[in-house]
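Each remark here refers to the structure printed beneath this line.
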Amino acid sequence: MLLDATPGEQAALRREHRRDRFFELSTRGFALLVLVLLATILGSLIVSGWPALAKFGWGFFTEDRWAANLNRFGALPAIYGTLVTSAIAVAIAVPVSLGIAIFLTEKCPRALRRPLGTTVELLAGVPSIIYGMWGVEVLAPFLQSHFPSLFPAGTGLTTAGLILAVMIIPFITAITRDVMQTVPPMMRESAYGLGCTTWEVTRHVIFPSVKAGMVGGVILGLGRALGETMAVTFVIGNNLFFNPTITGQGTSIAALIANQFPEADGLQRSALLALGLMLFVITFIVLALARVMLNRMDQRAPK
Amino acid sequence: MLKHVAATLVTSSLMLGSAAAWSAETITGAGATFPYPVYSQWADAYQDATGVGLNYQAIGSGGGIKQITARTVTFGASDAPMKPEELAKNHLVQWPQIMGGVVPVVNVPGIDGTQLKLDGKTLARIYMGEVTNWNDEAIASLNPDMDLPDTRITPVYRAEGSGTNFLFTHYLAQVSDTFANSVGEGKSVAWPAGVGAKANAGVASQVAGTPGGIGYVEYAYAHQNNLKVAQLRNQDGQFVSAGSDSFKAAAANADWKHADGLYLVLTDQPGAQSWPIVGASFILMPTDVKDTKAAEQALKFFNWAYNNGGDAAASLDYVPMPDNVASMIRQDVWSKVQGDNGKAVWTN
Chain D
1 MLLDATPGEQ
11 AALRREHRRD
21 RFFELSTRGF
31 ALLVLVLLAT
41 ILGSLIVSGW
51 PALAKFGWGF
61 FTEDRWAANL
71 NRFGALPAIY
81 GTLVTSAIAV
91 AIAVPVSLGI
101 AIFLTEKCPR
111 ALRRPLGTTV
121 ELLAGVPSII
131 YGMWGVEVLA
141 PFLQSHFPSL
151 FPAGTGLTTA
161 GLILAVMIIP
171 FITAITRDVM
181 QTVPPMMRES
191 AYGLGCTTWE
201 VTRHVIFPSV
211 KAGMVGGVIL
221 GLGRALGETM
231 AVTFVIGNNL
241 FFNPTITGQG
251 TSIAALIANQ
261 FPEADGLQRS
271 ALLALGLMLF
281 VITFIVLALA
291 RVMLNRMDQR
301 APK
Chain A
1 MLKHVAATLV
11 TSSLMLGSAA
21 AWSAETITGA
31 GATFPYPVYS
41 QWADAYQDAT
51 GVGLNYQAIG
61 SGGGIKQITA
71 RTVTFGASDA
81 PMKPEELAKN
91 HLVQWPQIMG
101 GVVPVVNVPG
111 IDGTQLKLDG
121 KTLARIYMGE
131 VTNWNDEAIA
141 SLNPDMDLPD
151 TRITPVYRAE
161 GSGTNFLFTH
171 YLAQVSDTFA
181 NSVGEGKSVA
191 WPAGVGAKAN
201 AGVASQVAGT
211 PGGIGYVEYA
221 YAHQNNLKVA
231 QLRNQDGQFV
241 SAGSDSFKAA
251 AANADWKHAD
261 GLYLVLTDQP
271 GAQSWPIVGA
281 SFILMPTDVK
291 DTKAAEQALK
301 FFNWAYNNGG
311 DAAASLDYVP
321 MPDNVASMIR
331 QDVWSKVQGD
341 NGKAVWTN
């Protein structure tokens with residue numbers, strides 16, 4: 001195949017080929033590295049969490065408290081707190097983010113669009129510890145003084161959920177806005193040309209074509225909410241007893257680990273690592289559910 | 001999250017790097033946060049006096065024990081003493097370096113908190129969620145002259161594992177069997193009621209911001225934050241106010257001489273003036289020293305602190321160790337800190 005190439009050209013071709021090969025192998029290596037990393041982390045969590053899981057079995061999920069001094073480790077309060085705070089956060093953040101995104105893409109005067117969009121993105125860059133301090137210095141006292149019967153101490157699962165909502169709004173907004181902007185202007189203009197209102201355009205033209213992307217944004221936000229540590233630790237109230245409350249004090253997996261890991265030893269350490277494994281599993285389940293949902297949507301969408 | 005991990009890795013590797021670079025003229029130690037304010041003041045003064053610095057990482061008592069057991073630091077520090085058998089197993093000795101008091105701080109609307117009288121049993125019931133209102137009979141009977149408000153009690157506790165937790169729960173478990181059997185004592189316990197805040201400072205600010213709040217902090221934090229410290233009934237049945245006098249009174253009754261491995265927790269001590277929740281913070285060092293020079297430097301520092309550190313400690317509301325206890329420690333404990341050749345590192 002290289003019969004009519006000069007030796008020089010053949011060498012150059014071979015060199016190119018080697019380069020290509022090297023490029024391919026190294027990129028493949030990087031991609032595999034992620035898999036290896038994931039497997040290693042998962043493996044080490046299982047290995048180091050195993051003593052606790054083996055000792056407590058299902059009790060690890062049904063025990064109502066996390067009492068290190070009594071060697072009673074129940075993940076229930078932390079799992080409950082994690083799910084409740086994240087659910088509150090998503091329930092608040094999704095409608096707000098959608099509103100912001102629709103306003104930015106459909107209704108916003110051109111002069112305002114850039115500054116508003118940048119502000120939302122800046123909000124995403126605020127370190128979580130700042131949100132935590134704001135939560136404990138401003139939000140918690142506010143809730144306490146205005147709703148003393150619901151928030152006698154200001155802190156609690158709802159307070160954490162509110163902080164998380166503020167934290168994930170910029171993520172969901174940014175992604176939703178970006179996917180909305182990908183809708184071809186032609187479609188939009190045609191709909192308006194038929195006499196549709198803005199609501200009708202958004203509802204029937206834009207939403208159907210960006211659903212998948214929006215779900216992606218929500219999942220990204222949910223992922224952050226599930227694992228957020230610092231801000232939540234400040235405002236969640238850190239009560240290690242299971243308490244089926246929405247506004248009262250509780251704890252989340254990440255907050256519990258952050259509080260106890262530095263001083264943990266032996267079985268407590270193992271139990272905390274097992275708890276880390278739970279967070280891993282919960283996040284994985286959420287992502288998998290989102291995948292399934294996306295696939296369903298794709299199948300239902302008109303081709 | 002990833003960003004946090006990366007930042008922590010970078011800072012900790014920087015810290016390790018700089019620690020190695022200093023090791024020639026720096027004593028390294030790690031452990032309890034409770035005595036950290038006074039250790040850092042001592043360190044500054046000692047560096048001015050001798051040129052030898054102290055690199056003390058306040059990572060918590062558990063971390064201090066872990067690091068000295070692994071011999072990665074010259075000394076470890078812990079608020080909860082190690083049991084004599086654990087000391088022997090790990091070839092360690094311990095001694096008390098400084099004492100301090102844990103105090104209940106209250107925020108009761110319309111009441112001068114410093115006049116409020118509480119006892120251990122009531123405190124335990126508040127923290128178990130059984131006494132939920134400030135005008136509850138249990139509190140009213142201790143304060144017959146007070147017009148207590150009908151305000152909900154919000155107990156505030158330390159969220160993370162801590163020596164302060166250990167002292168407080170140890171005391172409550174001593175005075176209340178119900179507490180001992182349900183919540184129990186330890187550095188990290190599950191509180192049935194209330195709010196967890198981070199560190200002494202977090203508890204202090206949560207109590208200050210919560211009408212009806214009650215918390216427990218190391219005394220210096222109550223003082224700095226102008227919080228009202230309630231009076232407590234001690235073992236002799238007397239109500240005492242917190243402060244260096246009542247801390248000293250409790251410390252004076254401590255029988256260090258007969259405590260095996262100096263294992264002694266100073267809660268619920270006898271004496272009419274004794275504050276019931278006083279604790280010592282301990283230093284841990286190995287009996288089989290590898291780096292004798294570093295160990296000698298560390299012991300010189302602690303000796304200097306016993307001789308010259310009293311004023312700095314008192315200004316921060318800690319209680320320095322009495323001279324007779326200090327000389328007993330020099331003789332009986334430091335003589336066990338030995339190098340490879342079996343010779344004591346401490347010679348004076």
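Chains as they are written, first to last, in full-length UniProt numbering: chain D, 1 to 303; chain A, 1 to 348. Beta carbons are placed, not taken as given, at the ideal position from N, Cα and C, and that holds for glycine.
Which stretch, first to last residue, makes up the beta strand (DSSP E) that contains residue i?
| i | result |
| --- | --- |
| Phe75(A) | 75–78 |
| Asn55(A) | 53–57 |
| Gly100(A) | 92–107 |
| Gly31(A) | 26–31 |
| Phe147(D) | Unbroken run through Phe147(D): none, as it is neither H nor E. |
| Phe282(A) | 278–286 |
| Val215(D) | Careful: Val215(D) lies outside any beta strand (DSSP E), inside the alpha helix (DSSP H) at 207–227. |
| Val96(D) | Run containing Val96(D): none in the beta strand (DSSP E); it sits in the alpha helix (DSSP H), 76–102. |
Alpha helix (DSSP H) containing residue i: first to last residue?
| i | result |
| --- | --- |
| Gln331(A) | Gln331(A) -> no alpha helix (DSSP H), and no H or E assigned at all. |
| Leu45(D) | 7–56 |
| Gly64(A) | 61–69 |
| Thr267(A) | No alpha helix (DSSP H) holds Thr267(A); DSSP gives it neither H nor E. |
For residue i, which of the options has the nearest alpha-carbon?
| i | options | result |
| --- | --- | --- |
| Arg218(D) | Val96(D), Phe147(D), Gln181(D) | A quick correction: the sequence has Val, not Arg, at residue 218(D). The shortest C-alpha separation from Val218(D) is found at Val96(D). |
| Thr114(A) | Gly309(A), Leu227(A), Lys290(A), Gly310(A) | Leu227(A) |
| Pro262(D) | Gln57(A), Asp48(A), Gly53(A), Ile27(A) | Gln57(A) |
| Val278(A) | Ile68(A), Thr347(A), Thr74(A), Ala242(A) | Ala242(A) |
| Ala80(A) | Thr169(A), Thr72(A), Ala193(A), Gly237(A) | Thr169(A) |
| Thr85(D) | Leu220(D), Ser48(D), Thr197(D), Gln249(D) | Gln249(D) |
| Leu164(D) | Pro127(D), Phe142(D), Gly195(D), Met187(D) | Pro127(D) |
| Pro67(A) | Val93(A), Gly31(A), Val52(A), Gly53(A) | Note on residue identity: the sequence assigns Gln, not Pro, to residue 67(A). For Gln67(A), the nearest C-alpha among the options comes from Gly31(A). |
| Tyr221(A) | Val103(A), Ala43(A), Asp112(A) | Val103(A) |
| Trp95(A) | Lys336(A), Gly342(A), Asn341(A), Asp136(A) | Lys336(A) |
| Ile59(A) | Ala197(A), Thr33(A), Val52(A), Pro84(A) | Thr33(A) |
| Pro286(A) | Val156(A), Gly64(A), Gly309(A), Gln206(A) | Gly64(A) |
| Asp236(A) | Asn225(A), His223(A), Ala250(A), Gly196(A) | Ala250(A) |
| Ala190(A) | Gln299(D), Leu37(D), Leu25(D), Ala75(D) | Ala75(D) |
| Ala254(D) | Gly154(D), Arg224(D), Ile175(D), Thr6(D) | Arg224(D) |
Buried or exposed: where does residue i fall if 16 or more other Cβ atoms within 10 Å of its Cβ makes it buried?
| i | result |
| --- | --- |
| Gln97(A) | buried |
| Ala89(D) | buried |
| Asp119(A) | buried |
| Pro276(A) | buried |
| Ala24(A) | Any reading at Ala24(A) needs caution, since the residue's pLDDT is 49, under 50, leaving its predicted position unreliable; the model's value is listed next. Exposed, by the Cβ-count rule. |
| Ala91(D) | exposed |
| Arg296(D) | exposed |
| Glu9(D) | exposed |
| Arg110(D) | exposed |
| Glu228(D) | buried |
| Arg21(D) | exposed |
| Met187(D) | exposed |
| Pro155(A) | buried |
| Gln299(D) | exposed |
Going along the chain, which residues of its own chain have a beta-carbon closer than 6 Å to the beta-carbon of residue i, five neighbours each way excluded?
| i | result |
| --- | --- |
| Tyr318(A) | Val38, Ile98, Gly100 |
| residue 350(A) | As shown, chain A starts at 1 and ends at 348. That puts residue 350(A) outside it, with no answer to give. |
| Leu284(A) | Ile68, Gly76, Leu92, Gln94 |
| Ile100(D) | Thr173 |
| His17(D) | none |
| Gly125(D) | none |
Sorted by chain position, which residues of the same chain lie with C-beta nearer than 7 Å to residue i's C-beta, five sequence neighbours on each side aside?
| i | result |
| --- | --- |
| Ile172(D) | Ala93, Val94, Ser97, Gly217, Val218, Gly221 |
| Leu273(D) | Leu45, Ser48, Gly49 |
| Ser246(A) | Val240, Gln273, Ser274, Trp275 |
| Gly339(A) | Val289, Thr292, Val345 |
| Thr245(D) | Leu157 |
| Ala288(D) | none |
| Val166(D) | Tyr131 |
| Phe302(A) | Gln97, Ile283 |
Once you ignore the five residues that flank residue i on each side, which residues in its own chain have a CB closer than 8 Å to its CB?
| i | result |
| --- | --- |
| Ala314(A) | Ser244, Pro320 |
| Ala131(A) | In the sequence under discussion, the amino acid at residue 131(A) is Val, which differs from the Ala named in the question. Here the set comprises Thr122, Arg125, Ala138, Ile139, Ile153. |
| Asn243(D) | Pro77, Gln249, Gly250 |
| Asp332(A) | none |
| Ala191(D) | Glu200, Val201, His204, Val205 |
| Pro322(A) | Ala251, Ala252 |
Ordered list of alpha helix (DSSP H) runs contained in the segment 189–221 of chain A, each at least 4 residues: Restricted to the segment 189–221 of chain A, the alpha helix (DSSP H) segments that are unbroken, complete and at least 4 residues in length are 199–209, listed in chain order.
Unbroken stretches of the alpha helix (DSSP H), 4 residues or longer, contained in the segment 218–253 of chain A: 219–224, 244–252
Whole alpha helix (DSSP H) elements within the segment 178–209 of chain D, 4-residue minimum: 185–193, 198–201
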